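Colleague: I'd like to ask you about the structure that follows.
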Amino acid sequence: DPHTQTSWDLSVTVEELGPEAPPIKISVTSDLHIGGVIFKIVEKTQLQCDWSDHALWWEQKQQWVLRTSWTLDKCGIHADARLLFTPQHKALRLGLPNGVTLRLRACFSSPVFRTVHGICQLLNIRYPEEMSLLRPVEEKKKKKDKDSAEDEYDLTGVPLTSGSVPVLNSGMPVHFADSPKTQAIYKMLVVSQPSPSPESIAKLYRPASKVDKTHIHTRWLDSSRCLLQQGVQENDKLWLRFKYYTFHDMEPKYDGVRLTQLYEQARWAILLEDNDCTEEEMMLFGALQYHIGKLSLSQEVNSCQGMEDLESALESLEVKMVGENKSADVLVRAPKKLSLRDYKQYWFKFQDTSIFYYKSKDESYGEPIQQMNLKGCEVAPDVNIAGQKFCIRLLVPAPEGMNEAYLRCENEKQYSEWMAACKLASKGLTLLDSSYQKEVKNIQTFLAMQRPSSSASTAQVDESINTLSLVSPRYTKKYKAKQLTIRILEAYQNVAQLSLMAAILKFLQIWQSLPDFGISYFMIRKTLADQANSQSRAIEC
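Residue numbers (the working numbering): 62 to 602.
Written out as structure tokens, the structure reads:
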């Protein structure tokens, strides 16, 4: 009969039979669908277990065979195929931004984007599209280091769910409330961890250049491919990190885990000097870390205290968004010949996304000496509150490269308005944009927090402050611990009244205001034709 299919043997390795067990052989025909193949495999093993999560992994093609209605012929599977019958969900060691390592079940058959979505549902993190998975730095060296052993917290018994997760009044998902063990693990996710030792900070990898910062993109996993396709095996370790720096709808009432982990990632970006900041900003970051650490240490996870903190955070961070059309004629100083020592006074005018400057106010109605278009420029603060120095450093794109210019403002009010205008202009926004007043207010608040408090001079040195753990290695080498303690306590006077969540949100707000926040660096390769037609230049996104 020409319609009769010839049977042939298909070799399948079944993971449940053990690593030493040989592949089993089943007799199949090319028109047998994948569901029928799975039925034959289960029947051949004679094992009584739950097979609902199992699927076929095609080793040569490095892909899952998930369409159970397709036939072997349609899939292109022949007798030489090496198939593995294995669970789609496997144990994964997951390093979180706060340094905690969880062991949980993750989907190895879905694209990484969907796998991260499932992990975030388990951990009660909203907006999983902000996050992704990446390989740890120098993982192989760490495995050989006996001192690098770390605690792992097992969540493999907690099931992954496809729908929304019910949450208790305390904010804890119901699957964490099943036992004291899982409750303790959830507490570690929503409470900031103690400050690391200076020795542990010094051992960690720090990008020394912009070229080093491009290497992170080689470690991010491809979000469109599954874990198994990218060589990730069961019990391997990956990091879960925030990858996209546009954070939507940060709500303390619902985002305990998300905000804490984001704070931890921001804290490490400061400590490892991944984001540059001024000395006064570093002292303020240190004060906020100290304050958050104190509150985290004394906090008990219960609904009453949690709701008080949340309400306080919402009130303290409420900002009114107002758009205003106003002139921005301000007298400032610009450096002559790009030198910080020799300033020459001009009259500046801000219009749209450009700065025009003139010899004097009287001449500001005629042709300007020069116009600087700030769209795409770099804006950085150069501020010393004690010395009443309020400068704005600009790197403006030009055909020959980047032109550097400094604007020196007369006072805090003028600096806040001009700094906000420059920041918006660099993004292509004008003074009419509704975020202008919010940006001005944020800068004024930030300056006020850096100003020494009247009670700072009488503040006693708190010997319990491990100040060397609150700043980056650059400052531990520059100052003694006692000097750092005094300066951090001065900054602490301005944040001591903040609640836990308000302090975390303030830390994140200042972090997002840093000039290089959200900038990613990519390595590019130019062809000979490109080099002949244009000069090489760095690309920032």
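By construction, the Cβ of each residue, glycine as well, lies at the ideal position given by its N, Cα and C atoms. All figures in this text were calculated on a predicted structure; none of them were measured in a lab.
1) Just checking my contact of serine 91 with glutamine 109 at CB under 8 Å: how many whole Å lie between their CB atoms?
2) Beta strand (DSSP E) containing alanine 82: first to last residue?
3) Out of Ser533, Glu341, Gly292, Leu468, which one is the CA nearest neighbour of valine 173?
4) Nearest to lysine 484 by alpha carbon, out of Gln449, Ala441, Lys101?
5) Are proline 438 and valine 457 close, meaning C-beta to C-beta below 8 Å?
6) Tell me whether valine 98 sits in a helix, a strand or coil according to DSSP, three-state version.
7) Quick one: what does DSSP say histidine 115 is sitting in, helix, strand or coil?
8) Given this structure, state the Cα-to-Cα distance separating methionine 463 from isoleucine 446, to the nearest angstrom.
9) Please return the same chain residues whose Cβ sits closer than 7 Å to the Cβ of serine 258, not counting the five positions on each side in sequence.
10) Should aspartate 494 be labelled buried (16 or more other beta-carbon atoms within 10 Å of its own) or exposed?
11) Look at the Cβ atom of serine 193, then the Cβ atom of serine 285, and state whether they are nearer than 8 Å.
12) Would you tell me roughly how many angstroms separate the C-alpha atoms of serine 603 and glutamine 498, rounded to the nearest one?
13) If the criterion is Cβ atoms closer than 8 Å, does the pair proline 158 and glutamine 326 meet it?
14) Look up proline 534 in the DSSP assignment and say whether it is helix, strand or coil.
15) For tyrosine 350, is the classification buried or exposed, using 16 other Cβ atoms within 10 angstroms of its Cβ as the cut-off for buried?
16) Pick helix, strand or coil for tryptophan 131, following the three-state DSSP scheme.
17) So is serine 581 buried or exposed if we call it buried at 16+ other beta carbons inside 10 Å?
18) What three-state label does DSSP hand proline 313 in the structure shown?
19) Which value, in whole angstroms, describes the spacing of the CA atoms of alanine 142 and glutamate 295?
20) Taking its Cβ as the centre, do 16 or more other Cβ atoms sit within 10 Å of tyrosine 407, making it buried, or is it exposed?
21) For isoleucine 571 and isoleucine 331, what's the separation of their Cα atoms in angstroms?
22) If we require 3 or more residues per run, which beta strand (DSSP E) segments fall completely within the region 297 to 343?
23) Could you check how far apart the C-beta atoms of isoleucine 102 and isoleucine 87 are, in whole angstroms? I think they sit under 8 Å.
24) Could you please give the first and the last residue of the uninterrupted beta strand (DSSP E) stretch that includes glutamine 432?
25) Taking only three categories from DSSP, how would you classify isoleucine 416?
26) Is there a Cβ from chain D that is less than 8 Å from the Cβ of glutamate 478?
27) Which residues in the same chain as aspartate 419 place their Cβ atom closer than 7 Å to its Cβ, once the five residues preceding and following it in sequence are excluded?
28) Please report the distance separating the alpha-carbon of tryptophan 112 from that of methionine 562.
29) If I measure Cβ to Cβ from cysteine 452 and keep anything under 6 Å in the same chain, skipping five residues before and after, which residues do I get?
Modeller: In this structure, then:
1) Not a contact, Cβ separation roughly 31 Å.
2) Looking at the DSSP string, alanine 82 is not in any beta strand (DSSP E), and its letter there is neither H nor E.
3) From the listed residues Ser533, Glu341, Gly292, Leu468, the smallest Cα separation to valine 173 is found for Gly292.
4) Ala441
5) Contrary to the premise, residue 438 reads as cysteine rather than proline in this sequence. Less than 8 Å separates the beta-carbon of cysteine 438 from that of valine 457.
6) helix
7) strand
8) A direct Cα-Cα distance of roughly 28 Å separates methionine 463 from isoleucine 446.
9) Ser530
10) Buried, because 16 or more other Cβ atoms sit within 10 Å of the Cβ of aspartate 494.
11) no
12) Look at the range of the chain in this structure, 62 to 602, and you will see that residue 603 is not part of it.
13) yes
14) helix
15) Before going further, note that residue 350 is glutamine rather than tyrosine in the sequence given. Buried is the call here.
16) It is coil, neither helix nor strand.
17) exposed
18) In this structure, proline 313 counts as coil in the three-state DSSP scheme.
19) Those two C-alpha atoms are separated by around 22 Å.
20) buried
21) 11 Å
22) As far as the region 297 to 343 is concerned, its whole beta strand (DSSP E) runs of at least 3 residues are 298 to 303.
23) 6 Å
24) Taken as a continuous stretch (DSSP letters only), the beta strand (DSSP E) holding glutamine 432 covers 431 to 434.
25) strand
26) No chain D appears in this structure, which consists of one protein chain only.
27) Rather than aspartate, the amino acid found at residue 419 in this sequence is tyrosine. Excluding sequence neighbours, tyrosine 419 sits near Tyr407, Trp408, Ser425, Pro429, Ile430.
28) Between tryptophan 112 and methionine 562, the C-alpha separation is close to 44 Å.
29) Asp443, Tyr467, Arg469
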